[in-house]
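Only one structure is covered here, and it is reproduced in the block below.
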Amino acid sequence: MNCAIFEDLILDHLEHQLANEERQRVEAHLAVCAACRAFYQDQKHLDAQLAQVLVRPTLPAGFKKELLCRIDAEMARTQSRCAQGQERPLSLFASWRERAGFYLPALLDLGGYVAVAVVVAVGLQHLCAHLTISVAVPGGIAFSKQAVLYFGWIAGAIALASGTWIGFKEKLRFL
Amino acid sequence: MEGLICESAAGCSDQTAESLLAAKRHREAFEVLVAQYQEKVFRLAWTMMQNETAAQDMTQEVLLRVWKALPNYQGNSSLSTWIYTITRNTCLTEISRRAKRHWVSLDDPEAGALAEQIQIQDAPDSSAGQGLDIQAMLRRLPEKFRQVITLYYLEEQSYEEVAARLGIPIGTVKTYLHRAKKQLRAFSRAQDADKSKLRIYAYELCNI
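Protein chains in written order, with my numbering: chain A, 3 to 177; chain B, 41 to 248.
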């Protein structure tokens with residue numbers, strides 16, 4: 003007789019899972035096998051102990067009321083905010099720190115672009131002032147020193163504007 | 041309110057909640073669900089957290105999550121399965137969060153000494169004459185066995201209820217339950233053997 007199989011059947015028996023026929027088979031085995039009888043008695047004792055120790059815990063009496071009150075308060079707050087149009091407007095910046103962190107480096111960038119443009123324009127102006135001949139293009143059109151000077155300023159301004167725009171766009175991308 | 045009629049009638053709350061949800065009456069549906077599931081969620085959380093206060097906090101957290109997710113409930117699984125899954129996930133997240141928070145290096149001499157002390161307190165043969173009580177034996181079981189056997193006794197000894205709570209097949213519940221019971225018996229026998237050894241040792245000491 004294999005008692006290992008009977009151990010599971012005994013547990014099934016204690017859990018009221020056996021049909022009549024099987025129950026009788028287990029009971030007949032228990033009558034002749036001392037080891038299985040000991041197992042049955044131990045498990046019965048353990049079952050009683052577990053049923054005594056594992057008592058259903060319950061929630062405090064006011065739990066449901068408190069939870070529903072909390073949810074109602076939350077709903078009322080959201081609804082009143084929506085009704086009064088007090089929803090926080092969407093902003094790229096959550097705080098003044100973030101705002102400063104974006105604008106300060108951007109202003110420094112802008113200063114850098116202005117400085118470069120001024121240096122280029124002033125350099126070009128000085129270069130033109132010392133030119134003894136006018137700049138010519140193919141086709142025989144000649145530019146005066148003054149025209150080259152204006153060209154320098156315009157090129158500088160375009161470089162400044164495009165550089166600033168590209169710089170800001172890059173920064174916005176990371177927000 | 042339709043929800044309140046079913047609050048005391050067992051078995052109809054899921055259907056009532058589903059029809060209320062279909063009618064976009066979320067607040068009423070939630071009230072029905074709270075009435076039906078708050079204690080079940082609490083017992084599952086209690087089984088997983090092994091602490092009543094933590095289980096209460098988890099129950100509140102789970103039900104708030106259910107409330108927030110209710111408008112997005114698609115009905116792909118039953119409400120009970122959905123709620124128990126949220127419960128298990130919430131508890132597991134909290135357990136791992138607590139485990140990380142309490143993590144200490146054993147290289148730290150103070151922590152090492154503390155761990156040793158805890159081990160000594162937990163050791164079955166350290167407290168001569170007192171032995172293990174059933175709760176201490178339950179704590180020594182592997183987590184999955186402990187959860188199954190605890191829920192089995194809390195949920196009126198129903199395999200189906202335990203399977204639904206833990207999201208495992210009924211056959212697995214039965215297997216884990218039997219293994220847990222056999223292991224508890226083994227712990228109990230070992231404890232008795234230790235007691236006998238101690239008695240013999242004490243007898244020998246007295247007769248030297």
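Glycine is no exception: its CB is placed at the ideal position from the N, C-alpha and C atoms.
Under the three-state DSSP convention, the category B/P164 falls into | If you number the second sequence from 1, residue 164 of chain B lands on position 124. Since pLDDT at B/P164 reaches only 45, below the 50 mark, its modelled position is unreliable, and no value is offered.
Of the choices B/W122, B/Q187, B/S117, whose alpha-carbon is the least far from that of B/K212?
-> Translated into the one-based positions of the second sequence, residue 212 of chain B becomes position 172. First, the amino acid is wrong: residue 212 of chain B is Thr here, not Lys. Answer by Cα proximity: B/Q187.
Is it the case that the Cβ atoms of A/L162 and A/Y115 are separated by a distance below 9 Å?
-> Reading the first sequence from its first residue, position 160 is the one you call residue 162 of chain A. Reading the first sequence from its first residue, position 113 is the one you call residue 115 of chain A. Yes, Cβ-Cβ distance for A/L162 and A/Y115 is below 9 Å.
Residue interval of the alpha helix (DSSP H) (run including B/I174) | By 1-based counting over the second sequence, the position of residue 174 of chain B is 134. The continuous alpha helix (DSSP H) containing B/I174 extends over residues 174-180.
Check the Cβ of A/A51 against every Cβ in chain B and list those closer than 7 Å, keeping chain order.
-> For the purposes of this step, residue 51 of chain A is taken as the residue at position 49 of the first sequence. Per the sequence shown, the amino acid found at residue 51 of chain A is Gln instead of Ala. The contacting residues are I174.
Simplified DSSP assignment, three categories, for B/E196 = Here residue 196 of chain B is taken as the residue at index 156 of the second sequence, counted from 1. Correct three-state label for B/E196: coil.
Supposed contact pair B/L206 and B/L191 - C-beta distance, whole angstroms, cut 8 Å = For the purposes of this step, residue 191 of chain B is taken as residue 151 along the second sequence, with counting starting at 1. For the purposes of this step, residue 206 of chain B is taken as residue 166 along the second sequence, with counting starting at 1. About 7 Å separates the two Cβ atoms, so the contact holds.
Consider the Cβ of A/V55: report whether some Cβ of chain B lies at a distance smaller than 9 Å.
-> As a working mapping, residue 55 of chain A is identified with position 53 in the first sequence. Yes, its Cβ sits closer than 9 Å to a Cβ of chain B.
So B/S136 is in the alpha helix (DSSP H); what residue range does that whole segment cover?
-> Counting from one through the second sequence, the residue named residue 136 of chain B turns up at place 96. It spans 119-141 - the alpha helix (DSSP H) in which B/S136 sits, taken as one unbroken run.
How about A/L209 and B/V81: are their beta carbons less than 9 Å apart?
-> Outside the displayed span of chain A (3 to 177) sits residue 209 of chain A, for which this structure offers no information.
With a CB to CB cut of under 6 Å and the five nearest residues on each side skipped, what residues in its chain are close to B/Q170?
-> Numbered from its first residue, the second sequence carries residue 170 of chain B at position 130. Because B/Q170 carries a pLDDT of 38, less than 50, the predicted location of this residue cannot be relied on, and no value is offered for it.
Coil, strand or helix - A/Y152 by DSSP = Indexing the first sequence from 1 puts residue 152 of chain A at position 150. Note: A/Y152 maps to helix in three-state DSSP.
Coil, strand or helix - A/T60 by DSSP | Here residue 60 of chain A corresponds to residue number 58 of the first sequence, with the count starting at 1. When secondary structure is reduced to three states using DSSP, A/T60 falls in the coil class, being assigned neither helix nor strand.
Alpha-carbon to alpha-carbon, B/R105 and A/L52 = To locate residue 52 of chain A, count along the first sequence from 1; it is residue 50. To locate residue 105 of chain B, count along the second sequence from 1; it is residue 65. Approximately 33 Å between the Cα atoms of the pair.
Between B/S118 and A/L13, what straight-line distance do the alpha-carbon atoms span, to the nearest angstrom?
-> The count along the second sequence starts at 1 and reaches residue 118 of chain B at position 78. The count along the first sequence starts at 1 and reaches residue 13 of chain A at position 11. Between B/S118 and A/L13, the alpha-carbon positions lie close to 32 Å from each other.
What's the C-alpha gap between A/V28 and B/M89?
-> The residue you call residue 28 of chain A lines up with position 26 of the first sequence. The residue you call residue 89 of chain B lines up with position 49 of the second sequence. Taking the straight line joining both Cα atoms gives about 38 Å.
Output the distance between the C-alpha atoms of B/I251 and B/Q175, rounded to the nearest integer angstrom.
-> It is not possible to answer for residue 251 of chain B, since the shown part of chain B is limited to 41 through 248.
From B/Q55 to B/W107, what does the alpha carbon distance come to, in whole angstroms?
-> Sequence index remark: in the second sequence, residue 55 of chain B carries index 15 (1-based). Sequence index remark: in the second sequence, residue 107 of chain B carries index 67 (1-based). Their backbone Cα atoms lie some 17 Å apart in a straight line.
Hey, how far is the Cα of A/A108 from the Cα of A/L151?
-> Mapped onto the first sequence, residue 108 of chain A falls at position 106. Mapped onto the first sequence, residue 151 of chain A falls at position 149. If I take the Cα positions, the gap works out to 29 Å.
Considering only the beta carbon of each residue, do B/V102 and B/T121 sit closer than 9 Å?
-> For this step, residue 102 of chain B is matched to residue 62 along the second sequence. For this step, residue 121 of chain B is matched to residue 81 along the second sequence. Result no, Cβ atoms of B/V102 and B/T121 do not sit closer than 9 Å.
Exposed or buried, which one is A/G125 when buried takes at least 16 other CB atoms within 10 Å?
-> For the purposes of this step, residue 125 of chain A is identified with residue 123 of the first sequence, where counting begins at 1. Under the 10 Å beta carbon count, A/G125 is surrounded by fewer than 16 other beta carbons and is classified as exposed.
Assign A/R99 to buried or exposed, taking buried as 16 or more other Cβ atoms, counted over all protein chains shown, within 10 Å of its Cβ.
-> Reading the first sequence from its first residue, position 97 is the one you call residue 99 of chain A. Exposed, because fewer than 16 other Cβ atoms sit within 10 Å of the Cβ of A/R99.
Report the three-state DSSP secondary structure of B/Q114 (helix, strand or coil).
-> Within the second sequence, residue 114 of chain B is the residue found at index 74, counting from 1. The three-state secondary structure of B/Q114, taken from DSSP, is coil.
8 Å Cβ shell around A/A37 - same chain, five flanking residues per side excluded = Position 35 of the first sequence, counted from the first residue, corresponds to residue 37 of chain A. Contacts found: C5.
Check each candidate in A/E17, A/D10, A/A33, A/Q43 and name the one with the smallest Cα separation from B/S228.
-> Sequence index remark: in the second sequence, residue 228 of chain B carries index 188 (1-based). When each option's Cα is compared against that of B/S228, the closest is A/Q43.
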